[in-house]
Amino acid sequence: MVNNLTPMQSETIIEKKQASAFFDTSLELKLNDQSIDTVIIAGCTTSGCVRASVVDCISFNFIPLIVKECVGDRTLESHELSLFEMNNKYADVVSLKDTLYYINNLDKQI
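If you read the sequence shown in our numbering, its first letter stands for residue -1, the second for the next number, and so on.
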């Protein structure tokens, strides 16, 4: 792991072996146990693992948010097409700035 991305002691780590973060993992159970309804998605590749996780996320009735500046792919064309398609079908593609605002104001929304 990159030192700046090392999980804190209180954070849950879920290891995945397939494209989707939901496939054959405890992610859905952990999100439901904590009454979490929105999943912020970042990672690589946009057309592969990100897309698979987004489709499964919506299939399990969670709200997927894809942080545009925090996903990437092998080619710009594949990346942009995948974001366009997911934004139109499955998820909201959001900016990092809006995501940070959302996270920092969660307590105020409750």
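Don't be surprised by glycine CBs; every beta carbon is placed ideally from N, CA and C.
Within the stretch 34 to 107, the alpha helix (DSSP H) runs of at least 4 residues that lie entirely inside it are, in chain order, 49 to 57, 74 to 87, 94 to 102 and 104 to 107. If you draw a 10 Å sphere on the C-beta of L98, you find fewer than 16 other C-beta atoms in it, and that means exposed. Of the residues assessed, P5 falls on the exposed side of the cut-off, its CB having fewer than 16 other CB atoms within 10 angstroms. If you draw a straight line from the Cα of V48 to the Cα of L27, it is about 19 Å long. In this structure K66 is in contact with S93, their Cβ atoms being roughly 6 Å apart against a cut-off of 8 Å. Pairwise C-beta distances place the stretch 49 to 65 in contact with the stretch 23 to 37, as three or more of them are shorter than 8 Å. Taking the Cα positions, K95 is about 23 Å away from N1. Taking C-beta atoms as the reference points, A40 and I56 fail to come closer than 9 Å. Around the CB of D71, 16 or more other CB atoms lie within 10 Å, so the residue is classed as buried.
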